[in-house]
Amino acid sequence: MVDTAKIWSLLEQVNDPEVPVLSVVDLGIIREVRGESIPEIVLTPTYSGCPAMDVIRMNIRMVLLSSGYHDVKLTTVLSPAWTTEWMSEKGKEKLKAYGIAPPLPLQQVCHPGLFVREEAVACPHCNSYHTTLISEFGSTACKSLYRCEDCGEPFDYFKCH
Amino acid sequence: MIKDPLIDYTLHLADNVLVLGHRNSEWTGHGPILEQDIALSNIALDLIGQARYLYQYAARSLNEKGMPEVTEDGLAYHRDGWDFKNCLLVEQDNGDWAKTILRQFFFSAWQYYFYQQLEGRKDKELAAIAEKSFKEVSYHLRWSSEWVIRLGDGTEESHRRMSDALDQLWRLTGELFVPSSYEKQLVAEGIAVDLPALQPLWEQRVADVFQQAGLTLPAPGWQQTGGKEGKHTEHLGYLLAEMQFLQRAYPGNEW
Numbered sequence: 001m002v003d004t005a006k007i008w009s010l011l012e013q014v015n016d017p018e019v020p021v022l023s024v025v026d027l028g029i030i031r032e033v034r035g036e037s038i039p040e041i042v043l044t045p046t047y048s049g050c051p052a053m054d055v056i057r058m059n060i061r062m063v064l065l066s067s068g069y070h071d072v073k074l075t076t077v078l079s080p081a082w083t084t085e086w087m088s089e090k091g092k093e094k095l096k097a098y099g100i101a102p103p104l105p106l107q108q109v110c111h112p113g114l115f116v117r118e119e120a121v122a123c124p125h126c127n128s129y130h131t132t133l134i135s136e137f138g139s140t141a142c143k144s145l146y147r148c149e150d151c152g153e154p155f156d157y158f159k160c161h
Numbered sequence: 001m002i003k004d005p006l007i008d009y010t011l012h013l014a015d016n017v018l019v020l021g022h023r024n025s026e027w028t029g030h031g032p033i034l035e036q037d038i039a040l041s042n043i044a045l046d047l048i049g050q051a052r053y054l055y056q057y058a059a060r061s062l063n064e065k066g067m068p069e070v071t072e073d074g075l076a077y078h079r080d081g082w083d084f085k086n087c088l089l090v091e092q093d094n095g096d097w098a099k100t101i102l103r104q105f106f107f108s109a110w111q112y113y114f115y116q117q118l119e120g121r122k123d124k125e126l127a128a129i130a131e132k133s134f135k136e137v138s139y140h141l142r143w144s145s146e147w148v149i150r151l152g153d154g155t156e157e158s159h160r161r162m163s164d165a166l167d168q169l170w171r172l173t174g175e176l177f178v179p180s181s182y183e184k185q186l187v188a189e190g191i192a193v194d195l196p197a198l199q200p201l202w203e204q205r206v207a208d209v210f211q212q213a214g215l216t217l218p219a220p221g222w223q224q225t226g227g228k229e230g231k232h233t234e235h236l237g238y239l240l241a242e243m244q245f246l247q248r249a250y251p252g253n254e255w
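Top to bottom, those sequences are chains G and A.
Taking our numbering as reference, the numbering of the first sequence is continuous, increasing by one, and the terminal residue is 161.
Taking our numbering as reference, the numbering of the second sequence is continuous, increasing by one, and the terminal residue is 255.
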């Protein structure tokens with residue numbers, strides 16, 4: 001049997017290359033670790049077009065290799081589809097400290113209703129809720145762009161998905 | 001190429017999103033403002049990501065049927081225009097911002113209802129891809145609907161451009177609801193989505209947005225079809241010539 005607890009702790013060292021404060025475990029994209037002779041890691045993408053996924057897969061192999069796991073199986077699953085609800089609380093705190101507003105606990109924008117009320121997203125710098133959506137699409141697929149009307153800083157919001 | 005309705009269907013869905021994703025990517029660096037340039041580039045990424053899952057699935061199926069050399073890249077870069085099964089709407093040239101927006105809106109609205117249905121069909125791979133993609137398409141639909149309204153109900157100039165786009169694109173929307181030969185068989189098997197059943201939902205959505213946009217829904221009329229069976233408009237050839245150039249000139253090249 002593979003020592004799954006050890007693999008999980010090693011995966012904590014693999015970061016999302018585009019949001020380097022988050023590990024792949026924080027992000028909630030590791031769905032399962034299993035295996036009899038070699039470790040099999042089951043992962044799911046955040047967004048279909050996320051270019052970080054290939055880098056993440058390579059980094060997982062590198063980290064495991066440096067701990068002596070020469071043979072690793074990586075399996076991608078699409079269903080159930082990833083949701084920001086799978087992000088760890090620790091991960092959300094790390095995001096905020098890094099200057100990215102973490103996803104709100106309740107999904108508000110994942111429906112096609114038009115001109116919906118903007119989400120009340122707190123500025124990660126000054127905690128003000130006096131913020132404005134600039135664009136629903138941000139620097140990466142998983143983020144949208146906001147501006148704080150109090151401290152004047154623009155910031156990324158890790159949108160609900 | 002092996003003839004198999006499920007593989008043809010998967011390629012049809014893959015070609016749809018690859019071709020529209022590529023069209024949208026042509027805007028990268030040329031968007032009217034930075035935020036919308038980023039938005040359309042993000043939508044392009046989502047669509048090309050969906051295309052990858054579909055091509056990977058098609059390639060695996062072809063490998064199992066005795067074509068071990070086929071890969072996702074091979075399917076995207078080494079097939080000719082008549083092999084592509086995308087609908088005509090997605091291959092149209094970008095035109096101006098209004099035409100790009102309207103094309104995206106028509107297609108996102110179709111995808112929105114289509115993926116919802118595909119999620120409940122019998123093929124597990126396609127259902128999983130649909131479940132994943134549906135969440136992304138919800139964003140695309142909202143974004144493009146709001147832009148159709150903004151332009152249709154905007155200035156005289158933006159309204160004129162949106163009306164011109166409608167004149168150019170409307171006759172290509174009917175194809176979205178006409179089942180191809182490979183779809184007819186799969187519908188009976190519970191694998192493919194029943195397209196005519198989607199049409200009223202799509203039309204209702206379009207009518208709602210058009211009403212807010214001050215646009216008139218065209219009367220039912222002649223609709224051009226053929227893309228799903230490999231008969232394309234002149235635009236696809238130019239798109240492929242650019243998209244496939246590198247892999248045609250330097251097969252298998254990587255960096």
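Even glycine gets a Cβ: it sits at the ideal position worked out from N, Cα and C.
Can you check DSSP and say which residues form a bridge with Lys32/G?
Taking the first residue of the first sequence as 1, we reach residue 32/G at position 32. In the sequence under discussion, the amino acid at residue 32/G is Glu, which differs from the Lys named in the question. The partner list for Glu32/G (beta bridge, DSSP) reads Val42/G.
On the three-state DSSP scale, how would you describe Ser139/G?
On the first sequence, position 139 is the one that residue 139/G refers to. Ser139/G: coil per DSSP, three-state reduction.
Select from the region 131-158 of chain G all residues with a C-beta closer than 9 angstroms to any C-beta belonging to chain A, and list them in chain order.
Answer set for the region 131-158 of chain G: Ile134, Ser135, Glu136, Phe137, Gly138, Ser139, Thr140, Ala141, Leu145.
Cβ pair Pro141/G, Tyr69/G closer than 8 angstroms:
Walking along the first sequence from the start, residue 141/G turns up at place 141. Walking along the first sequence from the start, residue 69/G turns up at place 69. First, the residue type needs correcting, since residue 141/G is Ala and not Pro in the sequence shown. Not closer than 8 angstroms, so no.
Beta-carbon gap between Ala197/A and Leu102/A smaller than 8 angstroms
Within the second sequence, the letter at position 197 stands for residue 197/A. Within the second sequence, the letter at position 102 stands for residue 102/A. Not closer than 8 angstroms, so no.
Across which residues does DSSP place Ala101/G in a beta bridge pair?
For this step, residue 101/G is matched to residue 101 along the first sequence. Under DSSP, Ala101/G takes part in a beta bridge, and its partners are Tyr157/G.
Given this structure, state the Cα-to-Cα distance separating Ile48/A from Ser133/A, to the nearest angstrom.
As a working mapping, residue 48/A is identified with position 48 in the second sequence. As a working mapping, residue 133/A is identified with position 133 in the second sequence. Cα-Cα distance, rounded: 11 angstroms.
Cross-chain neighbours of Tyr47/G in chain A, by beta carbon under 8 angstroms:
In the first sequence, counting from the first residue as 1, residue 47/G sits at position 47. Within chain A, the residues placing a beta-carbon under 8 angstroms from that of Tyr47/G are Leu45, Asp46, Gly49, Glu136, ordered along the chain.
Which complete alpha helix (DSSP H) runs does the region 184-239 of chain A hold, if anything under 4 residues is left out?
Listed in chain order, they are 195-213.
With 8 angstroms set as the bound, which would you pick, yes or no: does the beta-carbon of Tyr139/A sit closer than that to a beta-carbon of chain G?
Reading the second sequence from its first residue, position 139 is the one you call residue 139/A. Yes, contact with chain G.
Amino acids of chain A, ordered along the chain, whose beta-carbon sits closer than 9 angstroms to that of Ala81/G:
Looking up residue 81/G in the first sequence gives position 81. Here the neighbours are Ala128, Glu131, Lys132, Ser133, Phe134, Lys135.
For Ser41/A, report the span of its alpha helix (DSSP H) as first-last.
Within the second sequence, residue 41/A is the residue found at index 41, counting from 1. That run of the alpha helix (DSSP H) goes 34-64.
Can at least three beta-carbon pairs, one atom from the region 98-116 of chain A and one from the region 141-149 of chain A, be found at a separation below 8 angstroms?
Yes, the region 98-116 of chain A touches the region 141-149 of chain A.
Note the first and the last residue of the continuous alpha helix (DSSP H) segment covering Thr155/A.
Counting from 1 along the second sequence, the entry for residue 155/A is found at position 155. Counting along the chain, Thr155/A falls outside any alpha helix (DSSP H), and DSSP gives it neither H nor E.
To the nearest angstrom, how far is it from the Cα of Glu89/G to the Cα of Ile30/G?
Position 89 of the first sequence holds residue 89/G. Position 30 of the first sequence holds residue 30/G. Cα-Cα distance, rounded: 15 angstroms.
Taking DSSP as the reference, what is the three-state secondary structure of Ser166/G?
It is not possible to answer for residue 166/G, since the shown part of chain G is limited to 1 through 161.
Does the CB of Glu146/A have a neighbour CB from chain G at under 8 angstroms?
Working through the second sequence from its first residue, we reach residue 146/A at position 146. With respect to chain G, the C-beta atom of Glu146/A has a partner C-beta closer than 8 angstroms.
For Arg147/G, list the residues DSSP reports as bridge partners.
Mapped onto the first sequence, residue 147/G falls at position 147. DSSP output for Arg147/G lists Thr132/G, Pro154/G as bridge partner(s).
Could you give the first and the last residue of the continuous beta strand (DSSP E) run that contains Lys73/G?
One-based indexing of the first sequence puts residue 73/G at position 73. Taken as a continuous stretch (DSSP letters only), the beta strand (DSSP E) holding Lys73/G covers 73-76.
Helix, strand or coil: how does DSSP classify Asp16/G here?
As a first step, residue 16/G must be located in the first sequence, where it is residue number 16. The answer is strand: DSSP assigns Asp16/G an E or B state.
Using a 10 Å radius around the Cβ and a threshold of 16 neighbouring Cβ atoms, would you call Gln204/A buried or exposed?
Along the second sequence, one-based indexing puts residue 204/A at 204. In this structure Gln204/A is exposed. Its beta-carbon is surrounded by fewer than 16 other beta-carbon atoms within 10 angstroms.
Under a CB-based cut-off of 8 angstroms, is His70/G close to chain A?
Your numbering for residue 70/G matches position 70 in the first sequence. It does not: the Cβ of His70/G has no partner Cβ on chain A nearer than 8 angstroms.
Whole-angstrom C-beta distance between Ala44/A and Gly21/A, which should lie under 8 angstroms:
Taking the first residue of the second sequence as 1, we reach residue 21/A at position 21. Taking the first residue of the second sequence as 1, we reach residue 44/A at position 44. Cβ-Cβ separation between Gly21/A and Ala44/A: approximately 5 angstroms, consistent with a contact (criterion under 8 angstroms).
When Gly174/A, Lys184/A, Glu119/A are compared against Pro200/A, the one with the closest alpha-carbon:
Start at 1 with the first residue of the second sequence, and residue 200/A comes out as number 200. Minimum Cα-Cα distance from Pro200/A among the listed residues Gly174/A, Lys184/A, Glu119/A corresponds to Gly174/A.
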